[in-house]
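Below is one structure; the comments refer to it alone.
Chains as they are written, first to last, in the numbering used here: chain A, 30 to 172; chain B, 623 to 981.
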C-alpha cells in the first residue's frame, strides 16, 4: 500500500513537473514588465504595441491586418533595428500608420523570444499585436 | 433633290464605315517560329519565367522561383546562355522571388518580394532598398523608379522614388472608381493590383502606362503632365471588347465573393498580356482567352501602335496550331538590320520556353 502511494506520488509529481515545464514560459510571460524590454520611457501612453519582425507586405495577410487597424496615436510600432529611417518612412506611407514607429534592440528580441517560447514557435520573424495593460501583456495576436 | 439626299446618305455610311475600320483593320503578318530554347541537354531549363527584356543583343529573363535573372546572348538566330544576375537570399545582391525588371543605360533594376535591387549589366550589385508593397509594375528612368501605386487610400497612379528608396513625388490620377464594398472579404490592395495591372514603359522621353485588363493607355511627360489617353480594347476587336465587358462586370458591378470551400479567387482577364517598346512603336501581346469560349485562342496577335498617336499601324500573329493550351507570359523585341525578332515566353505542359519568331 505504501509502495503504491509512493508510485502515485511520483507519478503526480512528474505530471506537475511536466505541466510546470510546459506552462512555465506562458506563466513567466504574465509577469513580464514590458518597459524592461521596450526602450521607451513613455510606454504608458501606448495601448497597443505592434512588433513587426515578420514579413510585412501589402499583398500578404500581414498587410491587410495592418491596413484594417485603427491606427490611433496610442499605437507603438516596433521594427527590427536594421530598418533605416527611409524604410520606416516607406512603411508608414504604405499602411498610413499614425502611431509612433521605433527600432527595437536586443532586449526587444528577448521579449519576442519569450512570446514565441509560450507559443512554441521556432522563428523570431513574426508579427505580433500586443494589447497592454499597465506595463504587462494583457493579450497578443500573431498576424 | 432625292438624288442628292441619297448621295449624302451613302457617302455618310461609306465615311462612317471607313472611320470605324480604318484604325483597326491592318492585315496581320504571320510570324515564323525559327528557334526555341531550351532544347539541348546542356541548355538552361527554366522553372518559371515572368519577365523578359532584350538590351544590346542580351536577353534578360526573370526566373521567379529560382530567385535570379538569367542572361542569354542572341547569336546568329540562336539563344545562348551567358550568366546569372543575383542569387537566392536576402543579403546584398540577393533576390527573393524577382518579378519585373527594367533597364536604363547600363543599370538593371529588379523588383522582388522584398524591394528594389540595382545591378550593372555585367551583374555587379550596386544597391537595394526595402519596400512594403509587393506591386511589381515599375520602370527605371534616369535615376528614378516610377512605380504603380495600389494603395486604395491614395488617389495617385504612380509614385516616384530615388534609387536609395526616398519618396520623391506622385504622378497621374487613378481613373477607376472602385467600390471596395463589392470585395468585403478580399485584400483591397490586391483588388487595386488587378484593376490597375499592366505595364509602365518608357521611350526615354515619355512615360506610358498601359492597363492590361481594361485597355487604357496614358502617355505622360516626365514632369507628370498627361499628353494622351486612349482606350485600346477596340484594337483587339471582339475579343478585346468581350474582355473589357467581362472585367467591368466583375470589378465594377458584381464584385467578388468567397467560394464555398472558403478560397478567394481573383479572376484575371487580359486584353493584352504584355507590352514592349521598340523604336517608335509599342507592341502589345494579346491574351490567351476570349470570354465565353471554352478553349484558349488558337492564335496570339501582336498589335503595333505608333508611340506618337497610339494608332494601330501593324499587326502580327502567332499560330499556336495544336498546342493552343500553351500560355503566353511575356515577350520582347529585337531589331537587327531591319529584321524584327520576337522572343515570346511560353508556358507549356513540358515547362517554360523562349520561342523565337521573325517575319
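Where is the CB? At the ideal position from N, CA and C, for every residue including glycine.
Note to self: By the 8 Å beta-carbon criterion, what residues does the region 780-802 of chain B contribute toward chain A?
What the structure shows: 786, 787, 788 and 789
Next item on the list: In the DSSP assignment, find the unbroken beta strand (DSSP E) run with residue 838 of chain B in it and report its ends.
Entry: Residue 838 of chain B sits at position 216 when you count from the first residue of the second chain. First-last of the beta strand (DSSP E) with residue 838 of chain B: 838-843.
Next item on the list: Give the interface partners of residue 108 of chain A over in chain B, defined as CB-CB distance under 8 Å, in chain order.
Entry: Taking the first residue of the first chain as 1, we reach residue 108 of chain A at position 79. By Cβ distance, chain B contributes nothing, its closest Cβ being about 10 Å from residue 108 of chain A, past 8 Å.
Check: At least one CB of chain B closer than 8 Å to the CB of residue 87 of chain A: is that the case?
Finding: Within the first chain, residue 87 of chain A is the residue found at index 58, counting from 1. Yes, because at least one Cβ of chain B sits closer than 8 Å to the Cβ of residue 87 of chain A.
Checklist line | Minimum Cβ-Cβ distance from residue 645 of chain B to chain A less than 8 Å | finding: Residue mapping note: residue 645 of chain B aligns to position 23 of the second chain, counting from 1. Low local confidence applies: a pLDDT of 49 at residue 645 of chain B is under 50, so the model's placement there is unreliable, and no value is given.
Check: Is the Cβ-Cβ distance between residue 926 of chain B and residue 937 of chain B less than 8 Å?
Finding: On the second chain, position 304 is the one that residue 926 of chain B refers to. On the second chain, position 315 is the one that residue 937 of chain B refers to. Yes. Within cutoff.
Next item on the list: Give a yes or no on whether the minimum CB-CB distance between residue 712 of chain B and chain A is below 8 Å.
Entry: Taking the first residue of the second chain as 1, we reach residue 712 of chain B at position 90. No, no contact with chain A.
Checklist line | Three-pair Cβ contact test at 8 Å for the region 125-133 of chain A versus the region 161-172 of chain A | finding: no
Notebook entry, point to check: Does any residue of chain B bring its CB to less than 8 Å from the CB of residue 115 of chain A?
Noted result: Here residue 115 of chain A refers to the residue found at position 86 of the first chain. Yes, because at least one Cβ of chain B sits closer than 8 Å to the Cβ of residue 115 of chain A.
Notebook entry, point to check: So, helix, strand or coil for residue 819 of chain B, using DSSP?
Noted result: Here residue 819 of chain B refers to the residue found at position 197 of the second chain. Three-state DSSP puts residue 819 of chain B in coil, outside helix and strand.
Next item on the list: Ignore the nearest five residues each way along the sequence and tell me which others in residue 695 of chain B's own chain have a CB closer than 7 Å to its CB.
Entry: The residue you call residue 695 of chain B lines up with position 73 of the second chain. Excluding positions up to five away in sequence, the list reads 679, 680, 702 and 704.
Notebook entry, point to check: Going along the chain, which residues of the region 117-143 of chain A sit with their C-beta nearer than 9 Å to a C-beta in chain B?
Noted result: 118, 119, 120, 122, 123, 124 and 125
Next item on the list: Report yes or no: is there a C-beta of chain B within less than 8 Å of the C-beta of residue 104 of chain A?
Entry: On the first chain, position 75 is the one that residue 104 of chain A refers to. Taking Cβ atoms only, chain B never reaches closer than 8 Å to residue 104 of chain A, which makes this a no.
Check: For the region 754-768 of chain B, which residues have a CB atom closer than 7 Å to at least one CB atom of chain A, in sequence order?
Finding: 754, 755 and 756
Checklist line | Environment of residue 36 of chain A [buried if 16+ CB atoms lie within 10 Å] | finding: As a position in the first chain, residue 36 of chain A is number 7, starting the count at 1. Classification of residue 36 of chain A: exposed, given that the 10 Å Cβ count is below 16.
Note to self: Determine, for residue 811 of chain B, whether the minimum Cβ-Cβ distance to residues of chain A falls below 8 Å.
What the structure shows: Indexing the second chain from 1 puts residue 811 of chain B at position 189. Interface residue, yes.
Check: Does the distance from the C-beta atom of residue 653 of chain B to that of residue 957 of chain B stay below 8 Å?
Finding: The sequence position of residue 653 of chain B within the second chain is 31, counting from 1. The sequence position of residue 957 of chain B within the second chain is 335, counting from 1. Not a contact, by the Cβ cut-off of 8 Å.
Check: Measuring CA to CA, which of B:866, B:972, B:752 and B:884 is closest to residue 890 of chain B?
Finding: Walking along the second chain from the start, residue 890 of chain B turns up at place 268. The residue with the shortest Cα to Cα distance from residue 890 of chain B is B:866.
Note to self: So for residue 778 of chain B, helix, strand or coil by DSSP?
What the structure shows: As a working note, residue 778 of chain B is residue 156 in the second chain. Residue state, collapsed to three classes: strand.
Item checked: Residue-level contact to chain A via CB, residue 752 of chain B, 8 Å cutoff -> By one-based count along the second chain, residue 752 of chain B stands at place 130. So yes, residue 752 of chain B belongs to the interface.
Next item on the list: Step through the CB atoms of chain A and report whether any lies within less than 8 Å of the CB of residue 773 of chain B.
Entry: For the purposes of this step, residue 773 of chain B is taken as residue 151 along the second chain, with counting starting at 1. Closer than 8 Å to some Cβ of chain A, the Cβ of residue 773 of chain B qualifies, so yes.
Next item on the list: Taking only the alpha-carbon atoms, compute the straight-line gap between residue 715 of chain B and residue 60 of chain A and give it to the nearest angstrom.
Entry: Here residue 715 of chain B corresponds to residue number 93 of the second chain, with the count starting at 1. Here residue 60 of chain A corresponds to residue number 31 of the first chain, with the count starting at 1. Cα-Cα distance, rounded: 43 Å.
Check: Taking the C-alpha atoms as reference points, what is the distance between residue 975 of chain B and residue 968 of chain B?
Finding: On the second chain, residue 975 of chain B is found 353 positions in, with the first residue counted as 1. On the second chain, residue 968 of chain B is found 346 positions in, with the first residue counted as 1. Taking the straight line from one Cα to the other gives about 5 Å.
Checklist line | Spatial distance of residue 33 of chain A from residue 48 of chain A (CA atoms) | finding: As a working note, residue 33 of chain A is residue 4 in the first chain. As a working note, residue 48 of chain A is residue 19 in the first chain. Approximately 22 Å, taken between the alpha carbons.
Next item on the list: Quick one: give me the first and last residue of the alpha helix (DSSP H) that residue 158 of chain A is part of.
Entry: Taking the first residue of the first chain as 1, we reach residue 158 of chain A at position 129. Element bounds for residue 158 of chain A: not the alpha helix (DSSP H) but the beta strand (DSSP E), 156-162.
Item checked: Collapsed DSSP secondary structure at residue 800 of chain B in the structure displayed -> Translated into the one-based positions of the second chain, residue 800 of chain B becomes position 178. If DSSP states are grouped into helix, strand and coil, residue 800 of chain B belongs with coil.
Margin query: With a threshold of 8 Å on Cβ separation, who are the neighbours of residue 136 of chain A within its own chain once the five nearest residues in sequence on each side are excluded?
Written below: Along the first chain, read from residue 1 onward, the residue named residue 136 of chain A stands at position 107. Cβ within range, chain order: 65, 66, 67 and 68.
Checklist line | Exposure label - residue 742 of chain B; buried when at least 16 CB within 10 Å | finding: Taking the second chain and counting its residues from 1, the one referred to as residue 742 of chain B is at position 120. Exposed.
Check: For the beta strand (DSSP E) that residue 967 of chain B lies in, which residues bound it at each end?
Finding: One-based indexing of the second chain puts residue 967 of chain B at position 345. Segment 961-970, the beta strand (DSSP E) holding residue 967 of chain B.
Next item on the list: Using three-state DSSP, classify residue 855 of chain B as helix, strand or coil.
Entry: Start at 1 with the first residue of the second chain, and residue 855 of chain B comes out as number 233. Helix.
Check: Helix, strand or coil: how does DSSP classify residue 84 of chain A here?
Finding: Numbered from its first residue, the first chain carries residue 84 of chain A at position 55. Three-state result, residue 84 of chain A: coil.
Item checked: Anticipated Cβ contact below 8 Å, residue 117 of chain A with residue 104 of chain A, distance rounded -> Residue mapping note: residue 117 of chain A aligns to position 88 of the first chain, counting from 1. Residue mapping note: residue 104 of chain A aligns to position 75 of the first chain, counting from 1. With a Cβ gap of about 14 Å, residue 117 of chain A and residue 104 of chain A do not count as contacting.
Notebook entry, point to check: Given 8 Å as the limit, is there contact between the region 50-58 of chain A and the region 87-102 of chain A, that is, 3 or more CB pairs closer than that?
Noted result: no
Check: From the DSSP output, which residues share a beta bridge with residue 686 of chain B?
Finding: Within the second chain, numbered from 1, the residue matching residue 686 of chain B stands at position 64. Its beta-bridge partners do not exist; DSSP assigns none.
Notebook entry, point to check: At a Cβ threshold of 8 Å, is residue 815 of chain B touching chain A?
Noted result: To locate residue 815 of chain B, count along the second chain from 1; it is residue 193. By this cut-off, residue 815 of chain B is an interface position.
Notebook entry, point to check: Is the Cβ of residue 82 of chain A closer than 8 Å to any Cβ of chain B?
Noted result: The count along the first chain starts at 1 and reaches residue 82 of chain A at position 53. Closer than 8 Å: no.
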